[in-house]
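Peer 1: Heads up: the sequence shown runs through residues 1442 to 1763, numbered per the working numbering.
Cβ atoms here follow ideal geometry from the backbone N, Cα and C, with glycine treated the same way.
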Amino acid sequence: MAEAKLVKPGIVVNWLKGDPIENRANQWLEWDGSWDLDAAWLGVPFDGAGTVRSGSRHAPDAVRGAFPWYTSYTTSDRMVMDDLKVADIGDVHCIVTDMKTSYDNISATTQFLREKGIAMATLGGDNSVSYPIMRGLCRGAPGKTLAIIHFDAHHDFRESHYGAMSSGVPYRLLLEEFPDQVKGECMTQIGISDFCNNPTLHAYADKKGVEVISNVETWERGIRDVMNTALERARGADMLFVSIDVDGIDQAWAPGTAAPNPFGLDGRDVAMAVRWAAQEANCVGMDITELSPPTDHQGMTANWAAIVYMNFFCGLAKRKLG
Ligand SMILES: [Mn+2]
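Shown next as structure tokens:
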């Protein structure tokens, strides 16, 4: 049994707290310390492997500050989500100058959550943290296979960054280190953008059986059709994890990221895609990475991320509450 390596939530958001007529997301997410949870929201504030601009270590508190804008009610299907047990359980204890300990703490915590059967909604950090997040998930579910639906402008299938770890390698590391669990034939990359990649990385995806759906193909087919493909492939695995790099989203929606993308996906499409994925019986978690508050405008990217998490919880609530 793993041990969670946590720093408990410390941010105090008092505005709109105790709203008498609406359950605000921040109060819905307030944790009483119990592990009797359907889902945990978890910060992973490590950005020591970003190769361009850093700043994503500040994302968890920025998104905590965005949650009070939203409530636990969905108008579109008149559903109150309050009976889904979710909580902000704090941040993984990350030490930005110590990558190994940070990754070990991340993996221990996600392993702990998986062993407890708690779905995880995690927030980086740079995209490298997707590797220890899903490493812990695999360790927490020995013998179980994992499908990944990956939204990103980039494949992130690099071997290394001049021999070292980076935010461009996590999914290759997972495929190589867990060949019996992380299944290329169940993995789909969506939004991989023109002018951001190279043929070697695309060929690696082909070799591993990973389906690559570009930004252009996503616009042409529409997100519902693309997600039908991705979800059908993901049903071939025991577990599904949705991994989102903010730079897969157009900078008009999500400017606050290390590599802003003027040729990216529609932010609403990705939010709905997450809702549909969370409704799948095998969905065990998601992450958002590369959200960088120092380059954000008007909190746009933090607000968008908070909405994506609410859509994840909505999908889980539909599964649990019918
Ligand atoms: Mn990425």
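(1) Does alanine 1644 pass the burial test, meaning 16 or more other C-beta atoms within 10 Å, or should it be called exposed?
(2) Report all residues from its chain with a CB closer than 6 Å to the CB of isoleucine 1654; omit the five preceding and five following residues, and keep chain order.
(3) With a threshold of 7 Å (Cβ to nearest heavy atom), would asparagine 1568 be considered close to ligand 1?
(4) Please list the terminal residues of the continuous alpha helix (DSSP H) segment that includes leucine 1578.
(5) Report the residue from Arg1599, Arg1494, Lys1458 and Trp1717 whose alpha carbon sits nearest the alpha carbon of glutamine 1468.
(6) At 3 residues or longer, what runs of the beta strand (DSSP E) sit wholly inside the region 1556 to 1629?
(7) Can you tell me whether histidine 1602 sits near ligand 2, meaning its C-beta is under 7 Å from at least one heavy atom of the ligand?
(8) Secondary structure at isoleucine 1748, three-state DSSP: helix, strand or coil?
(9) Just confirm the distance between the C-beta atoms of leucine 1642 and histidine 1602, as a whole number of angstroms; I'd bet it's less than 8 Å.
(10) Using DSSP's beta-bridge definition, name the partner residues of phenylalanine 1682.
(11) What first and last residue would you give for the alpha helix (DSSP H) that runs through glycine 1531?
(12) Determine the DSSP secondary structure at alanine 1719, reduced to helix, strand or coil.
(13) Which residues in the same chain as cysteine 1755 place their Cβ atom closer than 6 Å to its Cβ, once the five residues preceding and following it in sequence are excluded?
(14) Heavy atom of ligand 1 less than 7 Å from the Cβ of serine 1608, yes or no?
(15) Using 7 Å as the cut-off, classify the Cβ of serine 1444 as near or not near the heavy atoms of ligand 1, replying yes or no.
(16) Taking the straight line between their C-alpha atoms, what separation do you get for leucine 1470 and proline 1640?
Peer 2: The answer reads as follows:
(1) With fewer than 16 Cβ atoms within 10 Å of its Cβ, alanine 1644 is classed as exposed.
(2) These residues qualify, in order along the chain: Ile1631 and Val1667.
(3) Yes, since a heavy atom of ligand 1 falls inside the 7 Å radius drawn around the Cβ of asparagine 1568.
(4) Taken as a continuous stretch (DSSP letters only), the alpha helix (DSSP H) holding leucine 1578 covers 1571 to 1580.
(5) Closest by C-alpha distance to glutamine 1468, out of Arg1599, Arg1494, Lys1458 and Trp1717, is Lys1458.
(6) Fully enclosed beta strand (DSSP E) runs of 3 or longer: 1560 to 1565 and 1587 to 1592.
(7) Ligands present in the displayed structure are limited to ligand 1, and ligand 2 is not among them.
(8) Helix at isoleucine 1748.
(9) About 13 Å separates the two Cβ atoms, so there is no contact after all.
(10) The partner list for phenylalanine 1682 (beta bridge, DSSP) reads Ile1589 and Gly1726.
(11) Counting along the chain, glycine 1531 falls outside any alpha helix (DSSP H), though it belongs to the beta strand (DSSP E) covering 1527 to 1533.
(12) Correct three-state label for alanine 1719: helix.
(13) Hits under 6 Å: Thr1515 and Arg1716.
(14) Checking every heavy atom of ligand 1 against the Cβ of serine 1608, one is found closer than 7 Å.
(15) With the sequence shown as reference, residue 1444 is identified as glutamate, and serine is not the correct amino acid for it. The answer is no for glutamate 1444.
(16) So the two alpha carbons sit approximately 43 Å from each other.
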